[in-house]
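Chemist: Let me begin by handing over the structure; questions about it come next.
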Amino acid sequence: MAGAMMAAWLDITPEVEAEFADWYFREHVPERVTLPGFRSGRRYTAPDGGPKKYLALYEGASKDVFASEAYRERLDVPTEWTTKIMPHFRNFARSVFDVRLELGNQYGGAITTIRYASGDGLVDWLEGEALPALAERSGICRVLLLEGDEEQSKPKTKEAKMRDAAGGNAWAPWTICVESIGMDWLRPAVTDLLPDRALAERGATEIATGYYDFVFGMENRS
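Last residue of the sequence shown: number 222 in this note's numbering, and the count goes up by one each step with no gaps.
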């Protein structure tokens, strides 16, 4: 089971989008995932475009990984390439999460993330009814309920300052992730069993749903 996760959603300005793709898999993800305690890093792209066209997910042994001295040093001493790319981030959101519930252990080729605020009363319904039913749907291989940590999600680092200057650092108090073998399975399952209306009726606010295709991933094998 994943102990903790970190997620980042963003857009990138068109003039550096091609270079951004190279930077992400050649430098940025390896720079993170090779640190102690990181388990994996994965990157996704929304087939429908933005807002928040890009998604990155990192798994760690615990939340302490995302506050470690080694990771903090990476955030406070960004590389030359990072310093070039990060000011072009737009619509950025970053959250560090405890994993409240994990059903399934396989990565899918498509994923949806549902970010929301409030809705503490949702947890019993999600954990006891909605998410187990979703995990049983054909083609669904993993379902996660993630609870955000605001303090860890908003570190005061040099990278954060660059993003502030480029348009801010939002965060997600709660996020549901649903992974599937493909978009043809994912969209109908989420639409049927986890529509925005059902979340809102149970107190969720600021609901934002995004669908993404898997691009690449890396594991820490040390």
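We treat Cβ as the ideally placed atom computed from N, Cα and C, and that holds for glycine. Please read all numbers here as calculations on a predicted model, not as lab measurements.
#1: Short check: CB of Glu127 to CB of Leu101, under 7 Å?
#2: For Asp149, which of helix, strand or coil comes out of DSSP?
#3: Let me know the secondary structure DSSP gives Thr79 once reduced to three states.
#4: From Trp81 to Glu31, what distance separates their C-alpha atoms?
#5: Measuring straight from C-alpha to C-alpha, what distance separates Tyr107 and Lys156?
#6: Take Trp174 as the anchor and find which of Arg26, Ala160 and Ser153 has the nearest alpha-carbon.
#7: Ala93 lies in the beta strand (DSSP E); which residues open and close that run?
#8: Would you mind working out which of Thr34, Phe66 and Glu129 sits nearest Met5, comparing C-alpha positions?
#9: How would you call Ala93, buried or exposed, if buried means at least 16 neighbouring beta carbons within 10 angstroms?
#10: By the DSSP assignment, the alpha helix (DSSP H) with Phe20 in it spans what residues?
#11: Taking 7 Å as the threshold (beta carbon to beta carbon), is Lys154 in contact with chain C?
Modeler: Result, derived from the coordinates:
#1: Residue 127 sits at position 127 when you count from the first residue of the sequence shown. Residue 101 sits at position 101 when you count from the first residue of the sequence shown. Against a cut-off of 7 Å, the Cβ pair of Leu101 and Glu127 comes out as a contact.
#2: Within the sequence shown, the letter at position 149 stands for residue 149. Asp149: coil per DSSP, three-state reduction.
#3: Here residue 79 refers to the residue found at position 79 when the sequence shown is read from its first residue. Coil, per DSSP.
#4: Taking the sequence shown and counting its residues from 1, the one referred to as residue 81 is at position 81. Taking the sequence shown and counting its residues from 1, the one referred to as residue 31 is at position 31. Approximately 12 Å, taken between the alpha carbons.
#5: Taking the sequence shown and counting its residues from 1, the one referred to as residue 107 is at position 107. Taking the sequence shown and counting its residues from 1, the one referred to as residue 156 is at position 156. Each residue's alpha carbon lies about 32 Å from the other.
#6: The residue you call residue 174 lines up with position 174 of the sequence shown. The option with the nearest alpha carbon to Trp174 is Ser153.
#7: Numbered from 1 along the sequence shown, position 93 holds the residue referred to as residue 93. Taken as a continuous stretch (DSSP letters only), the beta strand (DSSP E) holding Ala93 covers Phe89 to Leu103.
#8: Locating residue 5 in the sequence shown gives position 5, where the first residue counts as 1. Per the Cα distances, Phe66.
#9: What you label residue 93 is simply residue 93 of the sequence shown in a count that begins at 1. The residue in question, Ala93, is buried, as its Cβ has 16 or more Cβ neighbours within 10 Å.
#10: Here residue 20 corresponds to residue number 20 of the sequence shown, with the count starting at 1. First-last of the alpha helix (DSSP H) with Phe20: Glu17 to Trp23.
#11: This model lacks chain C altogether; it includes just one protein chain.
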